[in-house]
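Position 29 of the sequence shown, counted from 1, bears residue number 49 in our numbering, the numbering being contiguous throughout.
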Amino acid sequence: MKIPETLNLRSFGITGLLAVFCFASSFVSAAHDLYWTERVGDPEVTVIMGSDIDGENVTVVGEFPEMASFAVDVEITDDHVYWTGHNGRDLWRANRDGSGAEQLIDDHSGFTSLHFMAVDLDQETIYLTDHGNGVFSTDLEGGNITNLWSPAPTQYTGIAQRSANELLWITSDNSFLYLQSLPAGPQPDFRELSGGSDSYGLAYDPDTNTVYYTVYAGGSPGAGSLRAYNLDTDEDELLREGLTAPLGLKLSPSGTHLLIAERGKGVTVFQPDNYGYELLVE
Numbered sequence: 021m022k023i024p025e026t027l028n029l030r031s032f033g034i035t036g037l038l039a040v041f042c043f044a045s046s047f048v049s050a051a052h053d054l055y056w057t058e059r060v061g062d063p064e065v066t067v068i069m070g071s072d073i074d075g076e077n078v079t080v081v082g083e084f085p086e087m088a089s090f091a092v093d094v095e096i097t098d099d100h101v102y103w104t105g106h107n108g109r110d111l112w113r114a115n116r117d118g119s120g121a122e123q124l125i126d127d128h129s130g131f132t133s134l135h136f137m138a139v140d141l142d143q144e145t146i147y148l149t150d151h152g153n154g155v156f157s158t159d160l161e162g163g164n165i166t167n168l169w170s171p172a173p174t175q176y177t178g179i180a181q182r183s184a185n186e187l188l189w190i191t192s193d194n195s196f197l198y199l200q201s202l203p204a205g206p207q208p209d210f211r212e213l214s215g216g217s218d219s220y221g222l223a224y225d226p227d228t229n230t231v232y233y234t235v236y237a238g239g240s241p242g243a244g245s246l247r248a249y250n251l252d253t254d255e256d257e258l259l260r261e262g263l264t265a266p267l268g269l270k271l272s273p274s275g276t277h278l279l280i281a282e283r284g285k286g287v288t289v290f291q292p293d294n295y296g297y298e299l300l301v302e
C-alpha cells in the first residue's frame, strides 16, 4: 500500500511498548512525521524515536534515563512532546527535539499507572486515564488535577476527545464505550462494543462520527483486532484481525489512515477505505 501525500502534512507520535501516535505541524525545526517510544539498552532507558511518515530515517529524539519506567502514550503539539509513564505513574514533557525534558506529574500524585491521554490546547487541558483509578484532567503544567470519573469499571485504557464538551473512553475490563460530558457531570452514557473486553487503543473521526478501537486479546500473537463503531448507526465492524498485541491507535489528520502500535511487532498503518495494511517501523 502506498502511503499518500496527505499523510505527511503533519507530524505523528506513537509509543512503542504500549504504543500511541500523534500529529503536530511539521514546520518546527528538528520535527519528525512519526514518533514512538521504546525501552532500549542495558540498563534499559526510555527513548523517544522519530522518523519520516513512511518509517524511513529513524533517529533518536531523546533518551530519558531519569524516567522510572516505559512510556505508554505520546502526544505531539507544535512545540512539545508529552508522554505518560506506566510504572512511574508520571507525566512528562519535552521540546520537539527532545531537549528540556521535565516531569509535570510525579509518582506522589496518587496515580497507579497513567496510560492514555488527549491534549486540548484550546482549553489548556490534558485528559488522562489512570489504569486503576479512573479518568482525570490536568492543566498543561501538570497542575489542577481533577478526577472526572473513578467508580467502577476499572482498568481504564483508551481516551479520545469528541468535542470541547465530551470525552470518549474505554476500559479493558468490559465491552463498553463511555461518553463523558464535560465538565464532568453524572454517570457517563455508554454503548456496547462488539469486540468484547480487553480494548486499549481509541481514536475518533469527527467527519464520519466513527470510533476506532483495538482489542488486545491478551497479547497473544495474531489474536488482536482493529474495529470501527459508528455512533450514528450503532454498527460495529471488524476491520482487521490477526494483529499482534495492538495497543496504541491514532487517526491521521487527513482522516485517511490509522496507525497502530503492535507490541513486539512495530508501527503499522491501516487504510479504512480499502483495508490496506502495512508495517512502517519494525
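Every residue, glycine too, gets a C-beta built ideally from N, C-alpha and C.
Exposed is the label assigned to Q207, since fewer than 16 other Cβ atoms lie within 10 Å of its Cβ. Sixteen is the threshold: when 16 or more other Cβ atoms of the shown chains lie within 10 Å of the Cβ of L111, as they do, the residue is buried. Between the alpha carbons of K270 and R109 lies a gap of roughly 22 Å. In this structure G221 touches G178 by the C-beta definition: roughly 5 Å separates them, less than 8 Å. In the DSSP assignment, I165 forms no beta bridge with any residue. Taken through DSSP and simplified to helix, strand or coil, A281 comes out as strand.
G215 is positioned such that its CB atom lies no closer than 9 Å to that of D252.
Judged by DSSP in its simplified three-state form, G238 adopts helix. The three-state secondary structure of G152, taken from DSSP, is coil. The beta carbon of S89 sits closer than 6 Å to the beta carbons of G105, H106, N107 and G108 from its chain, once the five residues preceding and following it are set aside; these are given in chain order. According to the DSSP secondary-structure assignment, L197 is paired through a beta bridge with I190 and R211. Closest option to Y232, judged by alpha-carbon separation, among L141, F136, T166 and L197: L197. For P292 and Y176, the gap between their C-alpha atoms comes out near 26 Å. Residues of the same chain with a CB within less than 8 Å of the CB of Y297, apart from the 5 flanking positions on each side, are M21, R260, T288, V289, F290 and Q291 in chain order. The Cβ-Cβ distance between T149 and T158 does not fall below 9 Å. Assignment of Y295 by DSSP, reduced to helix, strand and coil, places it in the coil class.
Close CB contacts of R211 within its chain, under the 8 Å cut and outside five residues either way in sequence, are with F196, L197, L199, Y249, L251 and D254 (chain order). For the 9 Å CB-CB criterion, G268 and A281 form a contact.
For the beta strand (DSSP E) assignment, the uninterrupted runs of no fewer than 3 residues enclosed by the segment 61-141 are, from N- to C-terminal side, 65-71, 79-84, 91-96, 100-105, 111-115, 122-125 and 134-140.
Per DSSP, the unbroken beta strand (DSSP E) holding L267 starts and ends at P266 to L271. Judged by beta-carbon spacing, D127 lies beyond the 9 Å limit of Q181, meaning their Cβ atoms are not closer than that value.
Separation of D227 and D62 (C-alpha to C-alpha, rounded to the nearest whole angstrom) is 45 Å. By a beta-carbon distance limit of 8 Å, V155 contacts L187. Their separation comes to about 7 Å.
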